[in-house]
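One structure is given here, and the rest of the page talks about it.
Numbering (this note's numbering), first residue to last: 44 to 201.
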């Protein structure tokens with residue numbers, strides 16, 4: 044039974060009992076039914092507002108609005124936060140900033156020129172061309188920080 048159905052039943056019951064003369068103290072007993080109906084209507088209103096979890100989430104946003112002054116400022120702050128990215132994206136970006144040695148592909152003694160690949164995405168990174176680029180410390184494809192400072196000739200594949 045829903046609250047609406049219970050309200051209708053109580054209202055009909057109150058009217059029937061009153062009409063049949065079953066109320067010993069009509070004013071008090073009618074008030075009891077009216078209070079029960081009012082309580083059910085209040086429950087209906089709470090249900091329209093949403094579940095407890097939804098209200099808790101809404102309260103969080105209201106608290107943010109109070110902290111930032113206006114709804115507009117709060118929305119701007121939320122938009123800026125969303126642009127930063129998820130926690131996983133931030134961790135991945137931080138990981139890319141840690142310089143890694145490029146992987147040696149071809150050993151110069153066999154092929155004449157050493158070639159290297161990015162340890163993250165596998166993109167080929169020739170040291171000669173990397174040094175000619177303005178930003179030679181990052182992979183051209185994925186942005187992984189590269190460490191060219193160590194002696195790369197002796198590196199083995201990892």
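C-beta atoms are modelled at their ideal positions from N, C-alpha and C, and glycine is treated no differently.
All values derive from a computational prediction rather than experimental measurement.
Within 9 Å, strictly: CB atoms of residue i and residue j
i	j	result
residue 160	residue 142	no
residue 133	residue 163	no
residue 136	residue 128	yes
residue 140	residue 108	no
residue 44	residue 52	yes
residue 118	residue 148	no
residue 87	residue 46	yes
residue 70	residue 60	no
Whole-angstrom C-beta distance between residue j and residue i, which should lie under 8 Å
i	j	result
residue 92	residue 98	6 Å
Nearest candidate by alpha-carbon position, reference residue i, set the options
i	options	result
residue 75	126, 95, 130 and 58	58
Every unbroken beta strand (DSSP E) inside the segment 82-119 [3 residues or more] = none
ask   = Is it a yes or a no for the segment 91-108 touching the segment 73-80, going by three-plus beta-carbon pairs under 8 Å?
value = no
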